[in-house]
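Top to bottom, those sequences are chains A and B.
Under our numbering, the residue at position 122 of the first sequence is numbered 122, and the numbers go up by one with no gaps.
In our numbering, each residue's number is its place in the second sequence (first place is 1) plus 285.
A short write-up of the structure that comes next.
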Amino acid sequence: MTSPRGAAIGLRGVGRRWSHADGPGAGVEAVDLEVRAGEFVCLLGPSGCGKSTLLNLIAGLDSPTEGAVSVDGQRVAGPGPDRTVMFQDSALFPWLSLRRNVAFPLELAGVGRAEIERRVDEVLRMVHLFRFADAPVHTLSGGMRQRGALARALVSDPGTLLMDEPFAALDAQTRDVLYGELERVWQATHKTVVFVTHNVREAVRLGDRIVVMATRPGRIRKIIDVDLPRPRADADRNANLLAAVVMGELREEIARVQREEADDAWTMGADPGAPARRLGLGGGL
Amino acid sequence: MLARRARDGLLWSAVAVSLRRLVVGYALSVGVGFSLGVALAASDSVRRGLGPVVTGLQALPSVCWLPLGLLWFGLSDAAILFVIVLGSALGVAISVDAACRNVPPLYVRAARTMGARGLVLYRRVVLPAAFPEILTGLRLAWAFAWRSLMGAELLFVAGGLGHLLETGRELGDLAQVVAVMVVIVALGIASERLLFDWAEARLRARWGRATRA
Chain A
1 MTSPRGAAIG LRGVGRRWSH ADGPGAGVEA VDLEVRAGEF VCLLGPSGCG KSTLLNLIAG
61 LDSPTEGAVS VDGQRVAGPG PDRTVMFQDS ALFPWLSLRR NVAFPLELAG VGRAEIERRV
121 DEVLRMVHLF RFADAPVHTL SGGMRQRGAL ARALVSDPGT LLMDEPFAAL DAQTRDVLYG
181 ELERVWQATH KTVVFVTHNV REAVRLGDRI VVMATRPGRI RKIIDVDLPR PRADADRNAN
241 LLAAVVMGEL REEIARVQRE EADDAWTMGA DPGAPARRLG LGGGL
Chain B
286 MLARRARDGL LWSAVAVSLR RLVVGYALSV GVGFSLGVAL AASDSVRRGL GPVVTGLQAL
346 PSVCWLPLGL LWFGLSDAAI LFVIVLGSAL GVAISVDAAC RNVPPLYVRA ARTMGARGLV
406 LYRRVVLPAA FPEILTGLRL AWAFAWRSLM GAELLFVAGG LGHLLETGRE LGDLAQVVAV
466 MVVIVALGIA SERLLFDWAE ARLRARWGRA TRA
């Protein structure tokens, strides 16, 4: 990897409103956020808080209706290979082998064949998939596919790695292994990482900072620093304490969402028997 | 009867003439169909303008194009190719268009973040992703092209299997008529088996799809 450091990301007064013509999307409002070069930032919030919307704005897959997003001082005008994205699904192309998938961004950029070979080998080794380079994608497990997607995201040596719940569909054991892998790769490459999640433990495990988001409209509720030594273990006492603090912030937001999505006055943490009793009463009338 | 026509070479030359027309006509159809299909899928204004025309023309049996083809191109192979292209290119276009719009949006998003845009995006991502679905369209288009060719050759005397069939009728030679029909069916089945079964098997292996559902 050649770039000595990640990119700095700036969001200033960023808003994204959705009209009916745009289709469904979670709006965000007045978001100010500075991500330092090489920092690992987690965007945490319940569904509908616009965390994926923010990620798409940084990726350039979508543009803000207010404010501006900049990367290393340059205003983001569209997607670019300096900001690669990992999704919940690996999005590896099933018609290509793993090697050709990882080579894809370099082929698009017109990199020479020998150089492609060298860099693909390098990133495949980094994610421990070198031996599976020529395997068709469908023969790889879910965890292997996400590692493959990580390799593909890293191969063009971007300043920023954008991750949209990349481990959410994996089982807990595989996820735990991948936390370690991601942390190691991140420390080795000094990329800036923006990581979207709804999982508090994941955020505490990985982030330098956790941006807790609020819903409707999506906005930043609180930014929490994670001053814990790495690598962090799940059972660590301080991590547990911090997770509880973050969960407290989040709880209120989740309760709000549930109030809006439920058809009665059901709230999280309230007497769990209450709705059932109300239903029972309704049935008796 | 088959053996006699095979010995005197009439059958082989007819098969050669028909197959050459089929291959050239089909290749043209695929070219036209892919371009038109991608244009329909990629551009809303093309879809609004040409979409109804394409589906409308699809309702016209391909042999109905023959008189127009003869007027434009005269008594030549070009008229027959014209009929083949109009008989099968629209089907290719419709299937390419539909298949492209069914591609999972995630592939497109991922490709865009890696810097793919415009035609490159279509050539490298959308069309490969849509290909399993397009293959069905190509298969049907092959059958359409074969039928259009036979129809055109029957009506328009200039060599080929259809012509041999028509000659059999004129001579009142039932054996020749049936023999040529058998050859037409056999060629149709064989070409489809060879080309498309092979392509589909390869595709299934690559994508990891079960051979049987």
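In this text, a Cβ means the ideal position worked out from N, Cα and C, and glycines have one as well.
By the C-beta density criterion, B/P337 is exposed, having fewer than 16 other C-beta atoms within 10 angstroms. Chain B has no Cβ within less than 8 Å of the Cβ of A/A244.
Distance from the CA atom of B/G436 to the CA atom of B/V348, rounded to whole angstroms, is 6 Å. With contacts defined by Cβ atoms closer than 8 Å, B/I379 and B/G310 do not form a contacting pair. Note on B/S303: 16 or more other CB atoms within 10 angstroms of its CB, so buried under the neighbour-count rule. Against chain B, the CB of A/A239 has no partner CB under 8 Å away; the residue lies outside that interface.
For A/K222, the uninterrupted beta strand (DSSP E) run begins and ends at R219 to D225, by DSSP.
Following the DSSP letters along the chain, one finds B/T421 in no beta strand (DSSP E) but inside the alpha helix (DSSP H) bounded by residues L412 to L440. The continuous stretches of alpha helix (DSSP H) do not include B/M399, and DSSP gives it neither H nor E. Chain A has a Cβ within less than 8 Å of the Cβ of B/G493. Each residue's CA atom was taken as its position, placing A/R131 and B/L488 some 24 Å apart. Close CB contacts of A/K191 within its chain, under the 6 Å cut and outside five residues either way in sequence, are with G6 and L161 (chain order).
Residues of chain A whose Cβ lies closer than 8 Å to the Cβ of B/V405 are, in chain order, L108.
When DSSP states are grouped into helix, strand and coil, A/V14 belongs to the strand group. Distances from the alpha-carbon of B/G294 to those of B/G359, B/G444 and B/E477 put B/G444 closest. With a threshold of 16 other beta carbon atoms within 10 Å, B/L353 falls short and is exposed. The three-state reading of DSSP puts A/C49 in coil, since its state is none of H, G, I, E or B. Look at A/T192: its C-beta is not under 8 Å from any C-beta on chain B. Among the residues of the stretch 312-336 of chain B, none has a Cβ less than 9 Å away from any Cβ of chain A. Assigned with DSSP and collapsed to three states, A/T192 falls in strand.
Note on geometry: alpha-carbon atoms of A/T84 and A/K222 lie some 26 Å from one another. Judged by DSSP in its simplified three-state form, A/E253 adopts helix. Distance from the CA atom of B/V462 to the CA atom of B/L456, rounded to whole angstroms, is 10 Å. In the DSSP assignment, no residue is bridged to A/M247.
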